[in-house]
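Data first, discussion second: the structure below is written as structure tokens.
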Amino acid sequence: MPRKKTTKASTRKSTTNKTTTAKAKETAALKVESEKAVTKTATTSKVETPKKEVKDTKTTTKTTKTEVKAEKPAAKATVKKAEAKEEKPAAKTTVKKAEVKAEKPAAKTTAKKAEVKEEKPAAKTTAKKAEVKEEKSAAKTTAKKAEVKEEKPAAKTTAKKAEVKEEKPAAKTNAKKAEVKEEKPAAKTTAKKAEAKEEKPAAKATKKTKKTTAKKAAPKAAKAEVKEEPKETVKVEAPKAEAEAPKVEVKEEPKPAPQPELPQPRRSVAFIGSECYPFVKTGGLGDVMYALPKALAKQNCDVKVILPRYACIPQEYQEKMVFKGAFDMDLCSDGRSYYVGIMEYVWDGVVYDFIDNMEFFSNGNPYTNLVDDIPKFCYFGKAALAALNFMDWEPDVIHCHDWQASLVPLYLRTMFNNTPIANAKVIMTIHNLRFQGVYNIETLKYWTNLPDYVFNKDCMTENWLDANMLKGGLTYCNAITTVSNTYAGEIQTPEYGEGLDAHLRYHSGKLRGIVNGIDYDIFNPATDPMISVHYDLSNVLENKPKNKRALQEELGLQVDENKFVIGLISRLTDQKGLDLVNQILPQIVDDFTEVVILGTGQPEYEDSFRYYENAYKGRVCANIMYDETRSHHIYAGCDALLVPSRFEPCGLTQLIGMHYGDIPIVRETGGLKDTVEPYNEYANTGNGFTFDRYDAGLLLDAINRAKTFYFTNRWCFDEMVQRNMDKDVSWENSAKQYRDLYVALTTD
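So the number in my numbering is just where the residue sits in the sequence shown, counting from 1, plus 4.
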């Protein structure tokens, strides 16, 4: 029971008269044991206490005597309870009992609360409450005085003021709040979480308490907790303990790391075609044969390109070619054999192998006339397969392009059926279905020496007289691709099928379209060495007009950055829709519009454009030639690019123009439809102007819409320019689709 309040004088008198010898011995024994524990740990710890508590601490011997007397009614019970709690093996039970006792509002003495709080660290609980009590009670005294302060009962002595400051806020505020907050995480988590926050000395003291008495455990645990600094103790709050709990659980049970995506298996691919930039190029096929293998080399593919060694290949490349070997090959049905030489050139991670035979490839132009071209490409297809066998290179896929390489699948499945390369899968890519390699059957039989069973209407022949080389390749290949999705559907119709629509519908299961891309290493306004001023998406609106001015000065046009400049870069043939342009060109040209034409082709178109140049001096410029540098100047300097094709398998000019910030004006056919989205003035979407039917009036309407848009809604026009430049038209996505096709064909 708590003693009645007395004065300092009465306390001294009662302490002197009522103490008995037995009680003094007991108290002395308890003090000795406490002093021993303090002495052991005092050398390694220093007690830091707030200055405001120093004034309330009494260091006289009278206070010591009063505290000794105050200990009497509770010392035995407290020691017994502490011993009982220390001996229990279950740490959680000890924590619960200690917390229950700490929460009781009707505690008999304040010393009992302090004792319970003193026991908690020794029983593997969090050190927060003990630390707060320890720091407040310590007042720049020795460790002995700090511990004795903790065991005080109700304030009856000169230390009344200190006790009130220590016990009341601690019991009413700190103790309650800290204990309530402490109970929640303590109840939810195990003693291991609280024990992890204690310092190493506290852990050692706890282990020792199991072997020794509880009397030594309480001082050691208290001393271990005193080591922590006040600042650290204040920062460590109960809510943080709750926040840290889930982190500990995550560490104990970590989630398995996701396995990295396995790379696609490596594939070896042999490209066989008749032209390739920069060695020889007459059209879009040359660009594809250069850019696609280079992109595939970055997509985990080993790529080899096999080409004829034309005499027109620039000498700078011929000098760098390395001789790899030579052999003779039977070709004709009469047993006649021909020389096959192999010259190799490595560039950008791609190996280029050139088939050398001056008898077939001495002409300066890759394509001369059909009479010469049929024997030339009959030899080339067979020599390419023989060269692969000679070099002991077994590709997973052989990728053939257009009719010039279309005999490769037939040779592979007949004459090379028992060779190491026989297991290769073959893909035929149609770049332009109009060119098929049709010649009379007897001539093809002589030059190919193919078995008679391939010359039938289901495989190679068209009628009783002619054989179709491309048709034979489409029959014997494993997959057919075209250069756009729309064109893959169009060629299965009579309008665009060029006589093979029924055959393609029959083989539609292996037909698919993959849109071409452009090589950013060559066509990039930010790095293009051929243009006057470099620009990119961030400064296209400032620097592109400077290129327009340079183009106007170069071609003798009226120099005005506000003029609407239309470019046309194309082969001058019927396929490109030039008959429509001829009909409406006088209506296009006015004081605010200029037209620039670049290309060669049919004489009637060349002559008509020369006429318009003379008729509209300073507003029309006809460059009847093909110049790579000038084409780059036109891409960088014009505002719109005209592509009114009758049919267009893919089209590269609109892709290049878009990347240079040009607005395409195209007909909705083939790859043009796949790559150009019509402008929607209500939603302000799209990247060009289109027309559907092949009609000169619709073409004129599309051009006028673009002109009006340029002059009256310039900010929307500029947004379209930026959208075009931001659009990804590179080979990366297309190469990925081809690689996926290779993997699908070669995976069992």
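A virtual CB, placed ideally from N, CA and C, is assigned to each residue, including glycine.
No experiment lies behind these values; they were computed from the predicted model shown.
Item                                                                                                                     : Value
Check whether residue 293 and residue 309 have beta carbons under 8 Å apart                                              : yes
Segment contact flag, the region 485-493 with the region 459-468, C-beta cutoff 8 Å, min 3 pairs                         : no
Nonlocal neighbours in the same chain, by C-beta distance under 7 Å from residue 627, ignoring five residues either side : 601, 602 and 634
Closest Cα partner of residue 331 within the set 325, 321, 338 and 346                                                   : 346
Boundaries (first-last residue) of the alpha helix (DSSP H) holding residue 363                                          : 362-365
C-beta contact flag for residue 296 and residue 739 at 8 Å                                                               : yes
Buried/exposed call for residue 316, threshold 16 Cβ in 10 Å                                                             : exposed
Contiguous beta strand (DSSP E) assignments of at least 3 residues, all confined to the region 610-648                   : 624-627 and 644-647
Straight-line Cα distance separating residue 621 from residue 409                                                        : 45 Å
Buried or exposed by the 16-neighbour rule on C-beta atoms within 10 Å, applied to residue 629                           : exposed
Contacting residues, own chain, Cβ-Cβ under 6 Å from residue 677 (five flanking each side not counted)                   : 490
Burial state of residue 400 (16 or more Cβ within 10 Å)                                                                  : buried
Alpha-carbon to alpha-carbon, residue 476 and residue 468                                                                : 15 Å
DSSP state of residue 698 mapped onto helix, strand, coil                                                                : coil
Endpoints, beta strand (DSSP E) assigned at residue 660                                                                  : No beta strand (DSSP E) holds residue 660; the alpha helix (DSSP H) holding it covers 657-663.
Exposed unless 16 or more other CB atoms sit within 10 angstroms - verdict on residue 319                                : exposed
Residue(s) in a DSSP beta bridge with residue 274                                                                        : 308 and 402
Contact with chain C by residue 366, beta-carbon distance below 8 Å                                                      : Going by chain labels, chain C is absent from the structure shown, which holds only one protein chain.
Three-state secondary structure assigned by DSSP to residue 339                                                          : coil
Sequence ranges, beta strand (DSSP E) only - wholly within the region 410-443, length at least 3                         : 429-434
Simplified DSSP assignment, three categories, for residue 544                                                            : helix
Coarse secondary structure for residue 674, derived from DSSP in three states                                            : helix
Beta carbon of residue 443 nearer than 8 Å to that of residue 374                                                        : yes
Integer-rounded CB distance, given that residue 673 should sit under 8 Å from residue 649                                : 6 Å
Close-in-space but distant-in-sequence residues of the same chain around residue 586 (CB under 6 Å, 5 per side omitted)  : 612
Residue 732 to residue 726 span [Cα, whole Å]                                                                            : 12 Å
Simplified DSSP assignment, three categories, for residue 328                                                            : strand
Expected contact under 8 Å - CB spacing of residue 354 and residue 426 to nearest Å                                      : Contact doesn't hold; Cβ gap of about 25 Å is too wide.
Residue 487 (DSSP reduced to helix, strand or coil)                                                                      : coil
Three-state class that DSSP yields for residue 393 in the structure shown                                                : helix
Sequence-distant residues of its chain with Cβ nearer than 7 Å to residue 668 (five each side left out)                  : 645, 647, 658, 661, 662, 680 and 692
contact_flag[the region 349-369, the region 416-430] where n(CB pairs < 8 Å) is 3 or more                                : no
Identified DSSP bridge partners for residue 348                                                                          : 326 and 357
DSSP three-state assignment for residue 333, whether helix, strand or coil                                               : strand
CB contact flag (residue 671, residue 694, <8 Å)                                                                         : yes
7 Å CB neighbourhood of residue 498 in its chain, flanking five on each side removed                                     : 505
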